[in-house]
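Student: Please see the structure below; I have some questions.
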Amino acid sequence: MSVYVWCFIIPQLVFLLFSPLLRSKPIFRWYYRAVFHPIFVDVNRFRWKFRTIPVFYLSVFLYCSALFFKDIERPIRSELYFLERWIVIPLAIVTPLLLGVLTMAIRPLTSRDCQATEPFDNLIFHPGLTCQTCKLPKYARSKHCAICNQCTLMADHHCVWANNCIGLGNYQYFYLFLVANVFVTSYGFLRLLLLKGSFRSRSVLVLSILLGCFSVILVIFTYFQVALVRDGMTSSEESKWLVVHDMLNQGNLVVDQAGKYYYKVERDDPETLLYPKRFDYYSTNAYDDRVYNVQSPMTVQDARQLTNIYDRDGFWANLSARIKA
């Protein structure tokens, strides 16, 4: 019976983790619209639901730990090295729990706490805006979270596993939490895989399958996070850059002589039937619906013409900017 339960739970974990990141793909798009968005994005219904995911994570973690100590640890004790038994395994089990608590408890910096120092790039972030909910300035790289009811500085996403926003001030705990979970699942899976045949049992098989599945999921998810740090963007900013690249691919993104970017829209009137075509130019700021008079606009032809000013030219420099509070 437990096998069938896990066959249902593991796919749910995959869709739950990756549907926000891969919602442009057919299967994930359906799951995001039918399940993830109604349950986790609609913040006004069943607010208790945001506490169930951390409880679910803790339940799975404790189940796997109990299965190891109850049915597996004693029979394989002779196969374990001294450091494994007394240092590696205890630390591997305790560390994710401690880091999970820190990720849940430590709140990121918000626009109420301090002013952001990140500059506006006038492409995906624009000055002079006010959050309509917080009634405070919208700083560059900040994002309002409807669940936490705050504008998080250098916001990445709201982590459902910790029921907390990830942003400036708690990135370090979130990343360590990810690494700790990757280590405990990968180490556990590989160590059980290397056991001699005489030590294999049903419990070893079940735990090996669970840890193997979890490690693959976590490694892929961690890779996405590493790629975002490498590229100098957050999950929130990635969505904005996708919109910008859509404008570019459609041939509608232009830049003026001052280096400001605009989105051009062909005029829908009889005059547009004549050559040359006429366009209206709008700011890439979604909150600005004014039409601009752009002189000598040049169409952006290649993504290499765009500069991400938040990319500090390297993974470690970008990581350092995130973990400083």
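Just so we're aligned, residue 1 is where the sequence shown starts under the UniProt record's numbering, counting upward by one. Even glycine gets a Cβ: it sits at the ideal position worked out from N, Cα and C.
1) Write down the C-beta distance between Leu178 and Thr234 rounded to the nearest angstrom, noting that I regard them as a contact closer than 8 angstroms.
2) Which residue comes first and which comes last in the alpha helix (DSSP H) that contains Leu211?
3) Thinking Thr185 and Leu228 are a contact (beta carbons under 8 angstroms), I'd like their distance in whole angstroms, please.
4) What's the C-alpha gap between Ala258 and Tyr63?
5) What residue from Asn181, Thr299, Pro119, Val35 has the CA that sits closest to Ala140's CA?
6) Would the region 289-309 count as touching the region 238-252 if we require 3 or more Cβ pairs under 8 angstroms?
7) In whole angstroms, what separates the C-alpha of His37 from that of Phe82?
8) Pairs of beta-carbons, one from the region 63-80 and one from the region 150-168, closer than 8 angstroms: are there three or more?
9) Measure how close the beta-carbons of Asp311 and Asp231 come, nearest whole angstrom, since I'm counting them as under 8 angstroms.
10) Closest to Phe174 by C-alpha separation, out of Val55, Glu266, Leu98, would be which residue?
11) So what's Ile87 in DSSP terms, helix, strand or just coil?
12) To which residues does DSSP link Ser283 through a beta bridge?
13) At a cut-off of 8 angstroms, is Val294 close to the ligand GDP when judged by its beta-carbon and the heavy atoms of the ligand?
14) What distance in whole Å lies between the Cβ atoms of Val265 and Tyr282, which are believed to be in contact at a cut-off of 8 angstroms?
15) Which value, in whole angstroms, describes the spacing of the CA atoms of Asp156 and Lys196?
16) What distance in whole Å lies between the Cβ atoms of Asn170 and Asp103, which are believed to be in contact at a cut-off of 8 angstroms?
17) Provide the residue(s) that pair with Asn164 in DSSP beta bridges, ordered along the chain.
18) Cα separation between Gln250 and Ser296?
19) Out of Gln225, Cys145, Phe189, Leu176, which one is the CA nearest neighbour of Ile209?
20) Check for me: the beta strand (DSSP E) holding Leu319 runs from which residue to which?
21) Helix, strand or coil for Met154? Go by DSSP, reduced to three states.
Tutor: Taking the structure as given:
1) About 15 angstroms; that fails the 8 angstroms criterion.
2) Counting along the chain, the alpha helix (DSSP H) containing Leu211 begins and ends at 202-231.
3) Your pair Thr185 and Leu228 does not check out as a contact, with CB atoms roughly 21 angstroms apart and the cut at 8 angstroms.
4) In a straight line, the C-alpha of Ala258 is about 60 angstroms away from that of Tyr63.
5) Comparing Cα positions, the closest option is Pro119.
6) Proximity of the region 289-309 to the region 238-252 meets the contact definition, three or more beta-carbon pairs being nearer than 8 angstroms.
7) His37 and Phe82 have their C-alpha atoms roughly 48 angstroms apart.
8) No, the region 63-80 does not touch the region 150-168.
9) Between Asp311 and Asp231 the beta-carbon gap is near 6 angstroms, inside 8 angstroms, which marks them as a contact.
10) Among Val55, Glu266, Leu98, the Cα nearest to that of Phe174 is on Leu98.
11) If DSSP states are grouped into helix, strand and coil, Ile87 belongs with the helices.
12) DSSP lists Tyr262 as the bridge partner or partners of Ser283.
13) The ligand GDP is not part of this structure, which contains no ligands at all.
14) Correct: roughly 7 angstroms between the Cβ atoms.
15) Straight through space, the alpha carbons of Lys196 and Asp156 are spaced by roughly 44 angstroms.
16) Before going on, a small fix: residue 103 reads as Thr here, not Asp. Sure, about 6 angstroms apart at Cβ, within 8 angstroms.
17) Partner residues in the beta bridge of Asn164, as assigned by DSSP, are Cys159.
18) About 19 angstroms.
19) The residue with the shortest Cα to Cα distance from Ile209 is Phe189.
20) Where Leu319 is concerned, there is no enclosing beta strand (DSSP E), although the alpha helix (DSSP H) around it starts and stops at 315-323.
21) Coil at Met154, not helix or strand.
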